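The block underneath contains the structure these notes are about, expressed in structure tokens.
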Amino acid sequence: MHEATLWILSALADAPRHGYGVIQEVQRLSDGKVRLLAGTLYGALDRLAADGLIAVDRDEVVGGRNRRYYRLTGDGEAALEAESERLRRAAEAATAQLAVRRRLGLGPASAHRIAW
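In the UniProt record's numbering, the protein residues as written are 1 to 116.
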């Protein structure tokens with residue numbers, strides 16, 4: 001799953017939102033570290049809707065402009081849950097490996113080169 005997809009699905013997990021609301025919620029959830037651009041967002045929303053992970057919740061006219069609200073679908077919730085679990089397992093594996101490194105006395109001062 002692309003990082004933008006993870007953030008968009010997360011932003012829609014608790015409530016339907018319009019595009020700008022998704023952008024704001026992603027910034028809030030990521031403590032300002034992720035900023036979605038409108039062009040990226042709307043392309044992703046179309047793709048996620050086509051994939052059945054989100055759906056149009058409703059349209060509103062505000063100040064003469066249409067606002068389309070999106071909501072997470074059941075498939076979207078399942079995808080977000082699976083990705084969250086995958087990331088949790090990856091973080092646990094990385095944390096365990098760092099603990100081994102510390103027990104072995106290897107730290108930032110020990111520069112080991114890895115050849116790929």
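Heads up, the beta-carbon is just placed ideally off N, CA and C, and yes, glycines get one too. Predicted model, so just to flag it, every value in this text is computed and none were measured.
*At what residues does the beta strand (DSSP E) containing Leu29 begin and finish?*
Per DSSP, Leu29 belongs to no beta strand (DSSP E); it is in the alpha helix (DSSP H), 19 to 29.
*Which whole-angstrom value describes the C-beta separation of Ala44 and Ile8, a residue pair presumed to lie in contact below a C-beta threshold of 8 angstroms?*
6 angstroms
*CB-CB under 8 angstroms to Ala55, same chain, minus the five flanking residues each way: which ones, in chain order?*
Ala49, Tyr70, Arg71, Thr73
*Just how far apart, CA to CA, sit Lys33 and Tyr42?*
20 angstroms
*asked:* Considering just the uninterrupted stretch of the beta strand (DSSP E) at Leu53, what are its terminal residues?
replied: Leu53 -> no beta strand (DSSP E), and no H or E assigned at all.
*Distance, Cα to Cα, Val61 vs Leu12?*
20 angstroms
_Nearest-angstrom Cβ-Cβ length linking Gly64 and Ala38, presumed shorter than 8 angstroms_ = Incorrect: roughly 19 angstroms between the Cβ atoms, too far for contact.
*Along the chain, where does the alpha helix (DSSP H) that runs through Leu72 open and close?*
Note, Leu72: premise wrong, no alpha helix (DSSP H); beta strand (DSSP E) at 65 to 72.
*Grouping DSSP H, G and I as helix and E and B as strand, with all else coil, what is Val61?*
strand
*Neighbourhood of Val22 by C-beta distance below 8 angstroms, restricted to the same chain and skipping five residues each side*: Ile8, Ala11, Leu12, Leu36, Leu41, Leu45, Tyr70
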